[in-house]
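If you're matching positions, the sequence shown starts at 128 in the working numbering and goes up one per residue. Written out below as structure tokens is the structure these notes cover.
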Amino acid sequence: MAFDIDKYAETSERVHWEDLDFSAFDDHPLAAETLRSLHYMCDIEYHTVCYMRDMLTTPSHREGAVSTFMTMWNREEYWHGEALAAVLERHGITVDFDALKARRLKLGWRDKIAPIKQALLGNLVGGDFVAVHMSWGAVNEWCATAAYRRLAKLEDHPALSPLLRRIGQQETRHVAFYTTQARARLEQSAAARKLTRFALAKAWGPVGSGVMPETEVKHVMNHIFGSSEGMAEIRKIDEHIARLPGLEGLQLVTDAFRVRGIG
């Protein structure tokens with residue numbers, strides 16, 4: 128089924144939480160390990176604009192549907208960050224934007240060169256780069272959707288769980304766009320299939336692993352997916368990836384967990 132980008136743009140809105148009773152956090156506060164995971168997820172949602180910055184230097188920005196999607200996607204991800212920040216604030220944890228900026232500054236030349244590298248690679252490869260972008264985005268959004276839904280189930284909290292499910296529902300629309308685009312582009316080009324498989328196998332890492340400390344990456348992975356039931360969800364993500372043209376047999380997410388001793 129084709130993804131209706133016009134309908135998506137018309138119906139894109141911030142995730143709502145005003146109707147949820149956040150006073151439930153007073154009687155049922157979240158555990159420290161959950162707050163730690165939520166802080167990680169909040170930071171990554173707020174970092175989406177940096178990922179978009181890098182993509183705007185590549186051939187992706189010349190694609191009308193992709194450009195429209197990225198604009199709405201960036202807004203929705205920012206609003207996800209706002210919602211998670213509100214939960215953290217209820218627990219006395221303030222999301223410090225100066226700290227977020229400092230984390231980017233610690234990356235030094237890696238952060239500054241990222242958009243240049245993306246521009247050079249993207250324009251050298253040409254249109255097939257968009258297939259890599261869409262496939263990469265699909266993997267990330269599959270992981271994000273699974274994480275939100277899994278954490279909602281683990282907590283079974285009267286305020287947090289419905290909020291996480293709402294965020295997860297918006298993420299499913301992101302998955303739909305990325306996978307629709309990825310499948311079509313991979314089907315059309317053998318070069319795109321080879322390039323995408325190579326890029327994902329060699330360079331993909333869990334969302335946030337290029338920005339956040341490795342200790343935090345491992346915490347979130349283990350906290351949300353470390354059980355047998357959680358690892359079953361991880362294998363499902365790899366099954367989705369393997370159904371994209373040219374990506375058969377890849378176990379990106381399972382391998383990422385394995386090298387970190389999880390699962």
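Each residue gets a CB set at the ideal place from its N, CA and C atoms; glycine is no exception.
Taking its Cβ as the centre, do 16 or more other Cβ atoms sit within 10 Å of residue i, making it buried, or is it exposed?
| i | result |
| --- | --- |
| Q296 | exposed |
| P340 | exposed |
| H223 | At residue 223 the sequence reads Asp, which differs from the His that was named. Flag for D223 reads exposed. |
| D170 | buried |
| T138 | exposed |
| D133 | exposed |
| T342 | exposed |
| E356 | exposed |
| S262 | buried |
| G332 | exposed |
| V214 | buried |
| G219 | exposed |
Just how far apart, CA to CA, sit residue i and residue j?
| i | j | result |
| --- | --- | --- |
| I240 | L147 | In this prediction, I240 has a pLDDT of 43, which is less than 50 and means its spatial position is unreliable; what the coordinates show is noted afterwards. Each residue's Cα considered, the two are about 42 Å apart. |
| L291 | T195 | 25 Å |
| A246 | L157 | Annotation note: pLDDT 49 at A246 (below 50); position unreliable, coordinate value reported separately. Going by the C-alpha atoms only, they are around 42 Å apart. |
| A144 | H350 | Sequence check: residue 144 is Trp here, not Ala. One C-alpha to the other measures close to 24 Å. |
| H155 | H367 | 36 Å |
| F384 | A328 | 14 Å |
| A212 | A136 | 25 Å |
| T198 | R189 | 13 Å |
| R217 | H284 | 14 Å |
| V193 | A369 | 23 Å |
| G390 | E268 | 21 Å |
| D382 | A318 | 25 Å |
| P289 | F152 | 13 Å |
| A273 | R324 | 22 Å |
| T299 | E375 | 22 Å |
| T175 | E140 | 17 Å |
| V266 | S150 | 35 Å |
| S354 | A271 | 17 Å |
| S316 | L371 | 13 Å |
Secondary structure at residue i, three-state DSSP: helix, strand or coil?
| i | result |
| --- | --- |
| H166 | helix |
| G208 | helix |
| T198 | helix |
| W144 | coil |
| H260 | helix |
| D154 | helix |
| D382 | helix |
| A273 | helix |
| G191 | helix |
| I220 | coil |
| A129 | coil |
| E172 | helix |
| L374 | coil |
Evaluate contact between the segment 303–315 and the segment 153–167, counting only Cβ atoms and requiring at least three cross-stretch pairs below 8 Å.
With the cut-off at 8 Å, the segment 303–315 and the segment 153–167 do not touch.
So, does the segment 200–210 touch the segment 152–161, judging by three or more C-beta pairs under 8 Å?
Counting Cβ pairs under 8 Å, fewer than three are found: no touch.
Complete runs of the alpha helix (DSSP H) confined to the segment 324–370 [at least 4 residues]
Annotation note: the segment 324–370 contains the following uninterrupted alpha helix (DSSP H) runs of length 4 or greater, listed N- to C-terminal: 341–352 and 355–369.
Ignoring anything shorter than 4 residues, give me the alpha helix (DSSP H) runs that lie fully in the segment 277–321, in order along the chain.
Listed in chain order, the complete alpha helix (DSSP H) runs (minimum 4 residues) inside the segment 277–321 are 287–315.
Could you say if the segment 311–318 and the segment 256–264 meet the contact criterion of at least three C-beta pairs nearer than 8 Å?
Yes: the two stretches touch, three or more of their Cβ pairs being nearer than 8 Å.
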